[in-house]
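Residue 272 in mature numbering (1 follows the signal peptide of the UniProt record, and there is no 0) sits at position 272 of the sequence shown, with consecutive numbering throughout.
Some notes on the structure that comes next.
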Amino acid sequence: SPVADEAETLQYEYIVVGSGAGGGPLACRLAMAGHTTLLIESGNDQAGNINISVPAYQGVVTNDPKIRWDMFVNHYQNQSRAMLDPKFTWEVSPFVYHVGPNPPPGATPLGILYPRAGTLGGCVTHNALIWITPHASDWNNIATITGDSTWEATNMDQYLDKVYEWLPVKPVSPAILLNDLKLVQHIAGAAEVMGEGPPLIGTAAALAVTLTVDPNSRINPNRDSTEGLFQVPLTMKLGTRTSVRDFIDNTVASGYPLTVRQNCHVTKINFDTSTPPIATGVSFLDGNSLFRASPLSGGTGTPGSATVTKEVIISAGTYNTPQLLKLSGIGPAAELESFGIPVINNLPGIGTNMQDRYEIPVNVVHGSDFSILNGCTFDGKPHDTCLTTWENNPHVFDARGTYESDGIAAAMIQRSNYAANTDADLFIFGGPVDFTGYFPDWNDAIVSDHKHFTWGTLKAHTRNTAGTVQLRSANALDPAVINFNYFDTGTTAGGADQLDLDAMVQGLNQSRAAYKAYNDYAILGGDSFVETEPGPSVQSTADIENYIKERAWGHHASCSCPIGADDNPNAVLDSQFRVRGVQNLRVVDASVFPAIPGVFIQSPIMMVSEKAADVILNG
Ligand SMILES: Cc1cc2nc3c(=O)[nH]c(=O)nc-3n(C[C@H](O)[C@H](O)[C@H](O)COP(=O)(O)OP(=O)(O)OC[C@H]3O[C@@H](n4cnc5c(N)ncnc54)[C@H](O)[C@@H]3O)c2cc1C
1 SPVADEAETL
11 QYEYIVVGSG
21 AGGGPLACRL
31 AMAGHTTLLI
41 ESGNDQAGNI
51 NISVPAYQGV
61 VTNDPKIRWD
71 MFVNHYQNQS
81 RAMLDPKFTW
91 EVSPFVYHVG
101 PNPPPGATPL
111 GILYPRAGTL
121 GGCVTHNALI
131 WITPHASDWN
141 NIATITGDST
151 WEATNMDQYL
161 DKVYEWLPVK
171 PVSPAILLND
181 LKLVQHIAGA
191 AEVMGEGPPL
201 IGTAAALAVT
211 LTVDPNSRIN
221 PNRDSTEGLF
231 QVPLTMKLGT
241 RTSVRDFIDN
251 TVASGYPLTV
261 RQNCHVTKIN
271 FDTSTPPIAT
281 GVSFLDGNSL
291 FRASPLSGGT
301 GTPGSATVTK
311 EVIISAGTYN
321 TPQLLKLSGI
331 GPAAELESFG
341 IPVINNLPGI
351 GTNMQDRYEI
361 PVNVVHGSDF
371 SILNGCTFDG
381 KPHDTCLTTW
391 ENNPHVFDAR
401 GTYESDGIAA
411 AMIQRSNYAA
421 NTDADLFIFG
431 GPVDFTGYFP
441 DWNDAIVSDH
451 KHFTWGTLKA
461 HTRNTAGTVQ
471 LRSANALDPA
481 VINFNYFDTG
491 TTAGGADQLD
501 LDAMVQGLNQ
511 SRAAYKAYND
521 YAILGGDSFV
531 ETEPGPSVQS
541 TADIENYIKE
551 RAWGHHASCS
561 CPIGADDNPN
571 AVLDSQFRVR
581 GVQNLRVVDA
591 SVFPAIPGVF
601 IQSPIMMVSE
611 KAADVILNG
């Protein structure tokens, strides 16, 4: 990259801030169309880092100091209530944490860890690789709200085709999963409660067929409402994570006019003084790991700036995009003024409407190990024989073994009795891990032994729109203050909180039913287990509800700069991603959705990224 004292001469047609699911593909498309494009990324490219490549290291990679941003969020603003969650975390000294009650004297309460990635490719470089495409209703809803028919699902389908031009998707081979008969027994139990009970004789063969059933099927007209047991498609190629960062690297290597400026944190969008104001470029700080959520932070960086002849596009993610807009003078006037930030445009919706899914596990512990995890230490050391197997074998006949899986074996997809429409709204994933959500070193805890199994419910189309992103200070290197305002402290109109809770209870009960059905397949030889989460004492609906309210988490935060109708004062963007009230400025990432889409979020974000490229290039 050019050095800082040349920065004043940096000029491009487009600047894209943030290289994740939203910004990465868009920057590539703009450059592939021949436009000089500057893609600015606070982190750097981790090419060659084994943690980003091995699918089974999806937990490990979230803890890699070169990549991770430790964001802490509030599920509840009332701290006594928040501390009921055993995942509640305290800071003992910088980046040294205490998790749970009884912190050491002087520790500072932080909240709940929300892993984020500051690296090329953004959170897609550290995520769990799961690829589930959105529901048609997600797109049709945006078309209805905005009156822009290009958002209709039938039109959006072309953008999925565009994503598949560069993104390979492949499920874990059933052969790898079916080697472990105890695992097979759990999958058989789930198949039974989903009404697909495999015959007792030939169970493994019957399940092998089930595990080829694609939840993203584009030939099933009823796909969005189809229930059952499914394979889990992953963004990988030849048993290796492949994703947005590969698209970016390939675009640069192909000679398109894409400049990636790494280790560069954008602090402000610059505007001229016309009416309406026109975005002219950005100010930034060059330096490694500057953002203070990075455990490697501490530097102050070298200032610089760049200008555009066409547009600035902000793709810094659900938390950082509203923060950057506010720091630049676009946002709720009172909040900006309280930090001494001159108001360019009073847009009250920025940093509001934030949404997430709710997730909750039912975990059990067996007396003996899952054999699929034999030799897997998840630490990259020489004794990690699963890594050796993954490294030393080509991707033929499933020879790379367990590590070409992300640890999730299968998923029950179900429509709860509380869904707002016909879409299946529960995704209940199962695997041989002890997963209870995110907290420091969660990646070690989930595999600290090889005896646990998790069925985890993920609730799609949640109704809570009460999340906020607010400035902590006027310093761009300070993380924002994030409040989700869960359940009864959030959206309650029409019983919204209770409907989400009811659906979660149903998912939890369905998980327990799958464990019960496990026993019907004892012929496979799996040993017995004891429930560890929520645990045998949590049985009444009231107790289950309390458990969910205390411990639920999410990891698809979105909707904090929503697209909306022209007459909606809280709409931040128009239907073409343009920030209202200013010119030459768009937002393209997880924050653009008015309502949280689909079941997993990376696919709708990448489809939005492809749509934005089309809108920008073709009007
Ligand atoms: C642990 C975990 C697992 C997940 N697993 C899955 C999964 O399996 N499937 C799925 O669909 N979704 C998953 N997700 C969610 C999904 O990966 C993210 O929601 C998605 O990547 C968000 O995309 P984005 O473009 O909005 O933001 P990001 O991917 O976060 O990208 C934003 C980028 O902007 C950069 N940036 C931010 N601020 C600045 C600035 N001021 N200057 C310069 N650069 C900046 C950041 O470094 C980052 O690279 C997971 C999330 C987590 C936390």
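Note that the Cβ used here is the ideal one computed from N, Cα and C, for glycine as well.
* To do: Could you name the residues of the same chain whose beta carbon sits closer than 6 Å to that of Y518, not counting the 5 residues immediately before and after it, in chain order?
  => Q185, H186 and G189
* To do: Could you tell me the distance, in whole angstroms, from the CA atom of V54 to the CA atom of H556?
  => 22 Å
* DSSP-derived helix/strand/coil call for H186 -> helix
* **Beta-carbon proximity list for M83, same chain, < 8 Å, skipping 5 on both sides** => P101 and P109
* If we ignore side chains and look at the alpha-carbon of each, how far apart do Y358 and M412 end up? -> 16 Å
* Is DSSP giving M504 helix, strand or coil here? -> helix
* Is it buried or exposed for R218, if we count other Cβ within 10 angstroms and need 16 for buried? -> exposed
* To do: Label P171 either buried or exposed according to how many other C-beta atoms from any shown protein chain fall within 10 Å of its C-beta, with 16 as the threshold for buried.
  => buried
* Whole-angstrom distance between D369 and F427, CA atom to CA atom -> In this structure, the CA atom of F427 is about 26 Å from the CA atom of D369.
* To do: Would you tell me roughly how many angstroms separate the C-alpha atoms of P257 and N263, rounded to the nearest one?
  => 19 Å
* Rounded C-alpha distance that separates R463 from I112 -> For R463 and I112, the distance between alpha carbons rounds to 21 Å.
* Verify whether the separation of the beta carbon atoms of F429 and G456 is less than 7 Å. => Yes; because the gap between Cβ atoms is below 7 Å, this pair is in contact.
* Nearest-angstrom Cα distance between K326 and M156? -> Cα-Cα distance, rounded: 30 Å.
* Starting from the Cα of M194, find the closest Cα among A293, A410, N250 and N346 and give me that residue. => A410
* Can you tell which of R292, P562 and A47 has the C-alpha that lies nearest to the C-alpha of S473? -> R292
* To do: Quick one: grab the DSSP three-state call for L499.
  => Helix.
* What residues in its chain sit with their C-beta under 7 Å from that of N393, if we drop five residues either side in the sequence? -> Once the five neighbours on either side are set aside, the close Cβ partners of N393 are A399 and R400.
* If we call anything under 7 Å between Cβ atoms a contact, is R29 one with A613? -> The beta carbons of R29 and A613 sit closer together than 7 Å.
* For S1, does the three-state DSSP call read helix, strand or coil? -> Residue confidence for S1 is low, a pLDDT of 43 falling below 50, so the modelled location carries little weight and cannot support an answer.
* Nonlocal neighbours in the same chain, by C-beta distance under 6 Å from P103, ignoring five residues either side -> W90
* To do: Measuring alpha carbon to alpha carbon, tell me which of Y97, A476 and T489 ends up nearest K549.
  => T489
* **Touching by the beta-carbon criterion (3+ pairs, under 8 Å), the region 571-588 and the region 113-125** => no
* To do: Please classify E337: is it buried, with 16 or more other beta-carbons within 10 angstroms of its beta-carbon, or exposed?
  => Flag for E337 reads exposed.
* **Where G23 sits in the DSSP three-state scheme** => Helix at G23.
* May I ask you to report which of helix, strand or coil DSSP gives C386? => helix
* **Bridge partner(s) assigned by DSSP for W131** => DSSP lists no partner for W131.
* Taking 6 Å as the cut-off, does the CB of T62 come closer than this to any heavy atom belonging to ligand 1? -> Relative to the non-hydrogen atoms of ligand 1, the Cβ of T62 comes within a distance shorter than 6 Å of at least one.
* To do: Would you check if there are 3 or more beta carbon pairs closer than 8 Å linking the region 303-319 to the region 10-29?
  => yes
* Asked: What residues in its chain sit with their C-beta under 6 Å from that of V3, if we drop five residues either side in the sequence?
  -> Its pLDDT being 45, under 50, V3 is placed unreliably in this model, and the coordinates cannot settle the point.
* Top-ranked residue by Cα proximity to N417, from A522, A466, V396 and D500 -> Cα-wise, what sits closest to N417 is D500.
* To do: Would you give the residue range spanned by the beta strand (DSSP E) that L585 belongs to?
  => L585 to V587
* **Simplified DSSP state of V213, which is helix, strand or coil** => coil
* Asked: Leaving out five residues before and five after T240 in sequence, what residues of the same chain have Cβ atoms less than 6 Å from its Cβ?
  -> S53
* **Rounded separation between Q158 and V213 - CA only** => 23 Å
* When the distance is taken between beta carbons, is A27 closer than 7 Å to L39? -> In this structure, A27 lies closer than 7 Å to L39 by Cβ.
* So the beta strand (DSSP E) V266 belongs to, where does it begin and stop? -> C264 to F271
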